[in-house]
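Following: one structure in structure tokens, then a few remarks.
In this note's numbering, the protein residues as written are 572 to 960.
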């Protein structure tokens, strides 16, 4: 049976495992900040964390302790909105707002250093790099990592949604519930009043605890305003902060039948750069359409759109100083095993022909080499070079 044969359910589940809440928790736990352990705040992160308390001097630690709660609140407000937003531009702008909030927190901590110098900024950069390495490596190290809506069991969500919507007599609108998983210890959870359920992996595995909390989330989502409450801080215009591509024009990496694999953009920021790849041309490569149709026929209706046409593509990024990302295997989201962190992400509009990779930290300025290997479509050891200036 193909996905077109299904009737769309009167509800939508939006799930995520976002970076910024994990960054805030990493700073708290790895730097041993003294934050009140209220039920509102998650318990410690899972896994082995480095002891980074020595990277904060007394003045940095003092302001980090005072500012962390405010930072956490802004990040959660942004995260719950981001997972619920249906308009792509809104989602990108909110993500930029989370970046802005984190930059403000880290800048305050850095500027409070006893010796305000490049050394203090370097210490904060090391904390962020270690946080990225911990977060991105967990996707590869945890075999049952969540991918999209399957953070929770589809049948359970469907059952709860049916009970709530029938009980409330909701028929005229599609209800959106959000789910955010945090990699923290124990069975922690919180329901946000916009209809977003935050919880640990242990919580989402416990159906006895999950069902009543999911029910509460659907009640909130059903009665919540049609648009989220405005944030308490500015959402910057995405177009105003987006840098220009480092490329003079797109670079063709390889031709694949009637299609081409294109290096479309390189966008440089202060802490790294984005690689934008695209499949161009009038048609998908031979055999790809058949593969996608076969996969779609076996998927539940909510999963039919989660097809990855870049499946099997392998990338590697090398820098002049000898550092490299290690192999980035699509559809893996990231790779924390190389000298440099690489993280796959999604930028709206969600066109399946586009692939985005974030590279951090920013390498030495100059020439960068991108290697591509895609045996399924005959691309063997193809390389292109570009400059990051």
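In this text, a Cβ means the ideal position worked out from N, Cα and C, and glycines have one as well.
Check	Outcome
Taking DSSP's pairing of strands, which residues face residue 763 in a bridge?	767
Given a threshold of 16 other Cβ atoms within 10 Å of its Cβ, counted over all protein chains shown, does residue 925 qualify as buried or as exposed?	buried
Measuring alpha carbon to alpha carbon, tell me which residue in 922, 934 and 901 is nearest residue 911.	934
Taking contact to mean 3 or more Cβ pairs, one atom from each stretch, closer than 8 Å, check whether the segment 765-775 and the segment 736-755 are in contact.	yes
Using the beta-carbon count (16 or more within 10 Å), is residue 656 buried or exposed?	buried
Measuring CB to CB, does residue 691 end up less than 8 Å from residue 746?	no
Spatial neighbours of residue 891 within its chain, please: C-beta separation below 7 Å, excluding the five flanking residues on both sides.	935, 937 and 938
I believe residue 611 touches residue 836 by the beta-carbon criterion, under 8 Å. Please report the beta-carbon distance rounded to the nearest angstrom.	With a Cβ gap of about 40 Å, residue 611 and residue 836 do not count as contacting.
Return the chain-ordered ranges of every alpha helix (DSSP H) run that is complete within the segment 619-702 and spans a minimum of 4 residues.	629-655 and 659-682
Is the beta carbon of residue 850 closer than 8 Å to that of residue 834?	no
Excluding the 5 residues preceding and the 5 following residue 803 in the sequence, name in chain order all residues of the same chain whose CB lies nearer than 8 Å to its CB.	Caution is warranted here: a pLDDT of 49 is assigned to residue 803, below 50, making its placement in the model unreliable, and no coordinate value can be reported.
When we look at the beta-carbon of residue 823 and count the other beta-carbons within 10 Å, is it buried (16 or more) or exposed?	exposed
In the DSSP assignment, what are the bridge partners of residue 897?	Answer is none; residue 897 lacks a bridge partner.
Judging by CA-CA distance, which residue of 763, 702, 787 and 770 is the nearest neighbour of residue 731?	787
So the candidates are 679, 637, 621 and 768; which of them puts its Cα closest to the Cα of residue 697?	621
Just tell me which of 638, 652 and 676 has its CA closest to the CA of residue 585.	652
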